[in-house]
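Notes follow once the structure below has been shown.
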Amino acid sequence: MMKKRLLALLAGIFILGIASSGGAIALFSDDFNRENNDTIGNGWYEVEYDSSDVAVKDNYLRLRDESQTEKDAAVIKDLSLTGYMNVWLDFDWAANNNTEPSDSLNIGYDFNDDNWKIVWTQALGGSEFASVSLDFLGVLDNQSNVRLAIWVDVSAATEDAKIDNVILRGDEMGAAPVPEPATMLLFGLSLTALAGLCRKKKI
């Protein structure tokens, strides 16, 4: 009876380990830890009214100013996600004290067709950094021609939002799941216990 219970436990540990496998790959990242500059670099391109509206400032990305376009100040990144699924985006953000709830920070995408889809929008105001984990729910899976955009819609030239620690992750399609190291350790300890139980029964 004890052996059967231990075998059932082993099976459960292995199944859970596979289900929670650590196979996600960082597809793109930017922590903006570089010199202050009005040119962002790292493959971003910029939409701005003034040359300093989109800038690296104090090791974060600053998006500032009002314009007559849909995206007052924006950064856009071209991506090929062919071969990847379960894509999600992690980032930190904050607003300056001049913003109010009518201002917003937005995340969107298109397939290089200018048909932008907004997947996240946040009213501004306050100044504390917050963290966001944004799941694209499969719409970017295996897409070869994606543009990811981050932009502000504000009402004055002195208003801005800050972005930091951008990481886009995804799972490789068709890749065998790899159990977490902690799961494998627990699985190995359980096997050792099972072997000890079998030896005791033989004595």
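Taking my numbering, the leading residue of the sequence shown gets 4, the next gets one more, and so forth. Quick reminder that beta carbons are idealized off the backbone N, C-alpha and C, glycines included.
Span separating the alpha-carbon of residue i from that of residue j
| i | j | result |
| --- | --- | --- |
| I153 | D34 | 15 angstroms |
| V142 | A29 | 18 angstroms |
| I166 | A58 | 11 angstroms |
| S54 | G177 | 44 angstroms |
| A27 | N145 | 15 angstroms |
| N62 | T42 | 13 angstroms |
| V90 | E73 | 26 angstroms |
| S24 | R172 | The predicted position of S24 is uncertain, since its pLDDT is 46 and thus under 50; a value taken from the coordinates is nonetheless stated next. Taking the straight line from one Cα to the other gives about 14 angstroms. |
| Y209 | D113 | No statement about residue 209 is possible, as the shown extent of the chain runs from 4 to 206 and does not include it. |
| D106 | V155 | 8 angstroms |
| M1 | E103 | Outside the shown range of the chain, which is 4 to 206, sits residue 1, and nothing can be said about it. |
| S70 | L140 | 31 angstroms |
| A3 | D75 | Outside the displayed span of the chain (4 to 206) sits residue 3, for which this structure offers no information. |
| D117 | V50 | 14 angstroms |
| A133 | L151 | 20 angstroms |
| F94 | K80 | 15 angstroms |
| N40 | N115 | 27 angstroms |
| D138 | A159 | 31 angstroms |
Proximity to residue i [Cα-Cα], best of the options
| i | options | result |
| --- | --- | --- |
| D68 | Y52, N62 and V59 | Y52 |
| V169 | D41, T42, L92 and V59 | L92 |
| T124 | S136, N115, N40 and D117 | S136 |
| V78 | S158, F139 and G44 | G44 |
| N100 | D75, L82, E38 and V157 | V157 |
| L209 | F94, S70 and L127 | Since the first residue of the chain shown is 4 and the last is 206, residue 209 is not available in this structure. |
| S83 | W96, R37, V155 and V149 | V149 |
| E131 | N39, W96, D117 and Y87 | W96 |
| I110 | D117, I121 and K60 | I121 |
| T221 | V50, D56, K60 and N36 | Since the first and last residues shown for the chain are 4 and 206, residue 221 lies out of range. |
| R37 | F94, K60 and D116 | K60 |
Reduced DSSP category for residue i - H, G, I as helix; E, B as strand; rest coil
| i | result |
| --- | --- |
| D68 | coil |
| E40 | The displayed chain sequence assigns Asn, not Glu, to residue 40. N40: strand per DSSP, three-state reduction. |
| D34 | coil |
| S107 | strand |
| S24 | Low confidence applies to S24: its pLDDT is 46, below 50, so where it sits in the model is not reliable, and the reading given next is rough at best. The answer is coil: DSSP assigns S24 none of H, G, I, E or B. |
Assumed close pair residue i, residue j - CB separation to whole angstroms, cut-off 8 angstroms
| i | j | result |
| --- | --- | --- |
| D163 | R65 | 5 angstroms |
| T85 | S32 | Their Cβ separation, rounded to whole angstroms, is 19 angstroms, which puts T85 and S32 out of contact at 8 angstroms. |
(request) Please go through the segment 114-190 and give each complete alpha helix (DSSP H) segment of 4 or more residues, from N-terminal end onward. (result) none
(message) So within the segment 42-100, which uninterrupted beta strand (DSSP E) runs reach at least 3 residues, ignoring any that extend past its ends?
(response) 47-50, 57-60, 63-67, 76-82 and 87-98
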